[in-house]
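Scroll down for the structure; my scribbles are underneath it.
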């Protein structure tokens, strides 16, 4: 038996006041993240030393905000969420210095995935009941999918979590410590999985998982998405001529976002169900190829098809499921015979 950390993500139904707090905190986190990047960029241009996330946090609270009264609104946001945004910026710079990624990008309102981070500060925080969850600074928030997140009464502990907004819908993702996990004896032989574009996955036991993007449902939604995107483009052109309003554009943008979100949910759900079905066969090990996804994305004829297959998400979730069920995941080289 062992302890395991598992994440649960579900939609929530916050009140109007809670929505305002969430949006304010997310906006503050985005501003502080961008300010941290810009501040270090200015220091570099002036030949000064790089400022770490911890040093920037001290400077921001003790020097910058007291000397700039117009920025006092930063203090109104949840402090742990603001600190996490600074840590994320520091991590992005660290990866850049190690040549693991490019220079960090600034986060744009409405286009970047910014989240409100929260952590358990005391015994009253992060308590979960069947239909609601206690989040610091927000209080009790209703859960739409009742009973999905394990409750505190059953001995489950929520360590931390995030609140995010996507297509005007609010989601909470929590990291839960599972008390005791018994690993089943996987006496069956190993299997191999070949990921591809024609089919999502071909398993060595003869099972084939079709490409969900070729289904009629996805094709209809993508056709509708293209139509709504053209409509949005025309509204922007009409705005320049003075024939449209920003309110109409916001309504149309929300339509486009909801379609993107729906298509993304269908793909993610298909991946989750495929992985669950593979793991239920209880193999002793699973072998998967280490695909060169970044190289495949450089081909402009294949990039859209590769992105829609979500190979990285498939591998990440497969690894998590294997760890949970005590299955060995073998990632072999792409030139492996």
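Numbering (the UniProt record's numbering), first residue to last: 1 to 337.
We put the beta carbon where it would ideally sit given N, CA and C, even for glycine.
Keep in mind that this is a model prediction, so the values were computed, not measured.
- In whole angstroms, what is the alpha-carbon distance linking residue 252 and residue 238? 13 Å
- Quick one: what does DSSP say residue 137 is sitting in, helix, strand or coil? coil
- Identify, in the order they occur along the chain, each residue of the same chain with its Cβ nearer than 6 Å to the Cβ of residue 137, setting aside the five sequence neighbours on each side. 78
- Query: Between which two residues does the beta strand (DSSP E) containing residue 192 stretch?
  - Reply: 191-195
- Length of the line joining the Cα atoms of residue 304 and residue 222: 12 Å
- Item | Of the residues 128, 154, 197, the one placed nearest residue 174, counting alpha carbons only | 128
- Query: Rounded to whole angstroms, how far is the Cβ of residue 267 from the Cβ of residue 310, which I believe are closer than 8 Å?
  - Reply: 6 Å
- residue 398 and residue 50 closer than 8 Å at C-beta: The structure shown does not extend to residue 398, since the chain spans only 1 to 337, so no value can be given for it.
- In the DSSP assignment, find the alpha helix (DSSP H) that holds residue 336 and state where it starts and stops. Here residue 336 belongs to no alpha helix (DSSP H), and DSSP marks it neither H nor E.
- Task: Under 6 Å Cβ to Cβ from residue 306, same chain only, skipping five residues before and after it: list those, please.
- Result: 296, 297
- Query: Where do the ends of the alpha helix (DSSP H) carrying residue 268 lie?
  - Reply: 246-279
- Message: According to DSSP, residue 300 sits in a beta bridge with which residue or residues?
- Response: According to DSSP, which records beta bridges pairwise, residue 300 is partnered with nothing at all.
- Message: Distance check for residue 9 and residue 91, CA to CA, integer angstroms please.
- Response: 24 Å
- Query: Measuring CB to CB, does residue 114 end up less than 8 Å from residue 135?
  - Reply: no
- Task: Answer with yes or no whether the minimum CB distance from residue 241 to chain D is below 8 Å.
- Result: Of the chains in the structure shown, none is chain D; there is only one protein chain.
- Task: Jot down the residue ranges of each uninterrupted alpha helix (DSSP H) in the segment 59-91, minimum 4 residues, whole runs only, in chain order.
- Result: none
- Message: When you compare the segment 315-325 with the segment 223-235, are there three or more beta-carbon pairs, one atom per stretch, that lie closer than 8 Å?
- Response: no
- What do you reckon, are the CB atoms on residue 203 and residue 212 nearer than 8 Å? no
- Distance between beta carbons of residue 263 and residue 218, contact taken as under 8 Å: 6 Å
- Query: Starting from residue 114 and walking both ways along the beta strand (DSSP E), at which residues does that stretch end?
  - Reply: Residue 114 -> no beta strand (DSSP E), and no H or E assigned at all.
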